[in-house]
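These notes concern the structure reproduced below.
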Amino acid sequence: MMLSSELDGAVPLPEFFGSGGFSAALDTYASAHGGTDRRAVASMWSLYYFSMLTIPYIVARRAGHALPVAAGDMTIALAEDGLPRALGLAREGDWSEGKGADLLSFVMPLVSQHLAEIVAQLKALGGIAPKLAWNNAAVYIDYAFNATERERPADGDVWASRSLFSQPQLPDGSANPFLGCLRHESAGEETVCRRKVCCLRYLLPGIPSCGDLCALPAQRKQ
79 MMLSSELDGA VPLPEFFGSG GFSAALDTYA SAHGGTDRRA VASMWSLYYF
129 SMLTIPYIVA RRAGHALPVA AGDMTIALAE DGLPRALGLA REGDWSEGKG
179 ADLLSFVMPL VSQHLAEIVA QLKALGGIAP KLAWNNAAVY IDYAFNATER
229 ERPADGDVWA SRSLFSQPQL PDGSANPFLG CLRHESAGEE TVCRRKVCCL
279 RYLLPGIPSC GDLCALPAQR KQ
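One gets the working numbering by counting positions in the sequence shown from 1 and adding 78 to each.
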């Protein structure tokens, strides 16, 4: 993630999704990697996209900085295989108090200003069910928030982002699209995190399984 003014090949997101750029990117990726299932190709593309969007955003918020992530003001640049290479911001953002704020508050701008719109585009143009797209975004939000947790909660809960997946509503009263996307389960003597919806990567040649995170038991050891 960088400033759009410094991003070579930057295309405004509305133009990218509205003028065939996204569909062309999926065609390029499918041709480069041999993917024939359109939903699986679109899902894999979204994993790269969501990682580039949500990880910098959450890490910045944890550091007291709010990045401007309104989809209409952002740009995208692609790699040669059609996957996202970088996302561009119109400006650097502003200082924002992050200490003590909960994850649900952090994700509100991300959901309302960006993710809801992109999830709709992924459904319309890539054939991905919204529940799959939200789950793809959830894994990176979970990773970024847990990785930057510095203090163990008073109740001893080691899953810092649990509230994002257990609360039915966001702070503005709207339905929480991340509800149930991830869960912690016991696997022998270990506790593992698992998705609710499979990302379909097993339908793409040469792409390894996501291991214990996978929603499909048969795919966890592939």
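Note that beta-carbon positions come from the ideal geometry of N, C-alpha and C, so glycine has one too.
Runs of beta strand (DSSP E) wholly within the segment 113-181 (minimum 3 residues, chain order):
153-156, 162-167
Go through its chain and collect everything with a Cβ distance to Asp-86's Cβ below 7 Å, but skip five positions before and after it.
Ala-155
Is Gly-166 near Met-152, with beta carbons less than 8 Å apart?
yes
Just reading off the beta strand (DSSP E) that Arg-240 is part of, what are its end residues?
Where Arg-240 is concerned, there is no enclosing beta strand (DSSP E), although the alpha helix (DSSP H) it sits in stretches over 240-244.
Please give me, in chain order, every unbroken run of the alpha helix (DSSP H) with length at least 4 that falls completely inside the segment 183-233.
194-204, 208-225
Tell me Arg-279's beta-bridge partners as DSSP assigns them.
Answer is none; Arg-279 lacks a bridge partner.
Quick one: grab the DSSP three-state call for Ala-102.
helix
Check for me: the beta strand (DSSP E) holding Glu-263 runs from which residue to which?
260-265
Using a threshold of 8 Å, state whether the C-beta atoms of Leu-281 and Asp-115 are closer than that.
yes
Inter-residue Cα distance where the pair is Glu-170 and Ala-144:
9 Å
Taking C-beta to C-beta, are Val-363 and Gln-199 nearer than 8 Å?
Limits of the chain in this structure are 79 at one end and 300 at the other, which puts residue 363 out of reach.
Cβ distance (whole Å) where Met-79 is taken to contact Met-122 below 8 Å
Not quite, the Cβ-Cβ distance comes to about 20 Å (not below 8 Å), so this is no contact.
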